[in-house]
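**Q** Take a look at the following structure, please.
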Amino acid sequence: MRKKFLSTIAFAGAAALTMAGCSSDGDTEAPDDAANGGDTGGDTTEMITVGFAQTGAESGWRSANTEAMQAAFSEENGFELVFNAADNDPAAQISAVRNFINQGVDAIVIAPVVEDGWDDVLQEAQDADIPVILEDRTVTASEDLYAAWVGLDFKAEGVKAGEWVVDELAGDGPVRTVVLEGTTGSAPANDRAEGFNEAIDGSSVEIIDSQTGDFTRDGGRSVMEGYISNYGVDGIDLVYAHNDDMGLGAIEAIEAAGAVPGEDIKIVTIDAVKDGMQALVDGKINFIVECNPMLGEKAAELVKAVLNGEEVQQVNYVEDQSFTQEQAAEVIDERTY
Ligand code: GYE
Numbered sequence: 007m008r009k010k011f012l013s014t015i016a017f018a019g020a021a022a023l024t025m026a027g028c029s030s031d032g033d034t035e036a037p038d039d040a041a042n043g044g045d046t047g048g049d050t051t052e053m054i055t056v057g058f059a060q061t062g063a064e065s066g067w068r069s070a071n072t073e074a075m076q077a078a079f080s081e082e083n084g085f086e087l088v089f090n091a092a093d094n095d096p097a098a099q100i101s102a103v104r105n106f107i108n109q110g111v112d113a114i115v116i117a118p119v120v121e122d123g124w125d126d127v128l129q130e131a132q133d134a135d136i137p138v139i140l141e142d143r144t145v146t147a148s149e150d151l152y153a154a155w156v157g158l159d160f161k162a163e164g165v166k167a168g169e170w171v172v173d174e175l176a177g178d179g180p181v182r183t184v185v186l187e188g189t190t191g192s193a194p195a196n197d198r199a200e201g202f203n204e205a206i207d208g209s210s211v212e213i214i215d216s217q218t219g220d221f222t223r224d225g226g227r228s229v230m231e232g233y234i235s236n237y238g239v240d241g242i243d244l245v246y247a248h249n250d251d252m253g254l255g256a257i258e259a260i261e262a263a264g265a266v267p268g269e270d271i272k273i274v275t276i277d278a279v280k281d282g283m284q285a286l287v288d289g290k291i292n293f294i295v296e297c298n299p300m301l302g303e304k305a306a307e308l309v310k311a312v313l314n315g316e317e318v319q320q321v322n323y324v325e326d327q328s329f330t331q332e333q334a335a336e337v338i339d340e341r342t343y
């Protein structure tokens, strides 16, 4: 552990210097030991211990993100990773971060389940001189409380989804739309709703209902079953799902009701993970906006830079793209997630 490791060397060095001062004839020559870069034959590798507080394992996107983070924060890259998945429970995630602080890790990385409630524990990390890097989702706490953030522009993703719907589906009659929202209080759910609503404003796209499916396939399916029961298949023109997994759940509900997803009811989602892209190629989803989960390398780069005392950019966006059914068919075989 870097912090403890370095403090041990510092202590050993100081002790050695003190010893030299006491026992020698005032020779101020620093003794030859690890603290002075001397070759003591000991292990001087500085492993960086990082506590990573992941949201959970709610979706295909999350699995891809976790894999990318574990690959980047590997031993061969100089890290010892302490991993916690909070099962989408904000209180459990904050408790995990407190544990990391008590363990005295060198740095903490968080993918915050929800935006609010982070001020106290981030202040505690700062008081313990442990830098925090956010990856994926953002928080409402002051930027002074964390060193940097790397992720995606969720609002822009919502705008891109809404603009496609307006361009391709809006016309004279209403486009009766039901929304499958992400986790309540999470940045992607809030921002994807805001962006979509801005893009459809003034068009014939009409949101008739909006409920959370918590970013899970089961959640998407059960909410969609409720929509079909309330409005009937013929009463719904479009599903806007904040992620692929809820869109895939909606497909199951639509097919169980005897209708054809992608035709009787159009579907637009966000993420572009493998299963979503396959449904797009199969014509069951009509348009997907990508949300790149490969954030590990940038997060690891930020941790090392911050621990080395380097200036880092506070906000770090990763590029996104979007796919029609035709575009998905061209790229699906070469995609890594
Ligand atoms: O869209 C979803 C995951 O925070 C961007 O969380 C991420 C979202 C992603 O569960 O699939």
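Quick note: the sequence shown uses our numbering, first residue 7, plus one each step. Cβ coordinates follow ideal geometry from the N, Cα and C atoms, glycine included. What you are looking at is a predicted structure, and each value in this text was computed from that prediction instead of being measured.
#1: Against chain B, does residue 236 count as a neighbour if the rule is that its beta carbon must be under 8 Å from one of theirs?
#2: Just to check, is the beta-carbon of residue 196 closer than 7 Å to a non-hydrogen atom of ligand 1?
#3: Residue 227 bridges to which residues according to DSSP?
#4: Residue 341 lies in the alpha helix (DSSP H); which residues open and close that run?
#5: I'd like to confirm something about residue 276: is its beta-carbon nearer than 7 Å to some heavy atom of ligand 1, or not?
#6: Assuming the contact rule is C-beta atoms closer than 8 Å, residue 205 and residue 145 should be a hit. Round their C-beta distance to whole Å, please.
#7: Give the straight-line distance between the Cα atoms of residue 72 and residue 197, rounded to the nearest whole angstrom.
#8: Which whole runs of the beta strand (DSSP E) in the region 41 to 129 are 3 residues long or more, in chain order?
#9: Taking DSSP as the reference, what is the three-state secondary structure of residue 184?
#10: Rounded to whole angstroms, what's the CA-CA distance from residue 215 to residue 181? Just pull it up for me.
#11: Determine the direct distance from the alpha carbon of residue 250 to that of residue 129, and round the result to whole angstroms.
#12: According to the neighbour-count rule (16 or more other Cβ atoms, all chains shown, within 10 Å of its Cβ), is residue 292 buried or exposed?
#13: Helix, strand or coil for residue 194, going by three-state DSSP, please let me know.
#14: State yes or no: is the C-beta of residue 67 nearer than 7 Å to some heavy atom of ligand 1?
#15: What did DSSP end up calling residue 260 once you bin it into helix, strand or coil?
#16: Would DSSP call residue 331 helix, strand or coil?
#17: Following a CB-centred definition, is residue 121 positioned closer than 7 Å to any heavy atom of ligand 1?
#18: Kindly indicate the opening and closing residues of the alpha helix (DSSP H) around residue 247.
**A** Short version:
#1: In the displayed structure, chain B is absent; only one protein chain is listed.
#2: No, the Cβ of residue 196 stays beyond 7 Å of every heavy atom of ligand 1.
#3: According to DSSP, which records beta bridges pairwise, residue 227 is partnered with nothing at all.
#4: Looking at the DSSP string, residue 341 is not in any alpha helix (DSSP H), and its letter there is neither H nor E.
#5: Within the cutoff, so yes.
#6: About 25 Å separates the two Cβ atoms, so there is no contact after all.
#7: So the two alpha carbons sit approximately 22 Å from each other.
#8: Secondary structure within the region 41 to 129: the beta strand (DSSP E) runs of 3 or more consecutive residues, fully enclosed, are 54 to 60, 85 to 91, 113 to 116 (chain order).
#9: Three-state DSSP puts residue 184 in a strand.
#10: Their backbone Cα atoms lie some 12 Å apart in a straight line.
#11: So the alpha carbons of these two residues sit roughly 35 Å apart.
#12: Burial call: buried.
#13: Helix at residue 194.
#14: True, at least one ligand heavy atom lies under 7 Å from that Cβ.
#15: Helix, per DSSP.
#16: Helix.
#17: Annotation for residue 121 indicates a beta carbon at 7 Å or more from all heavy atoms of ligand 1.
#18: For residue 247, there is no enclosing alpha helix (DSSP H); the residue is found in the beta strand (DSSP E) stretching over 244 to 247.
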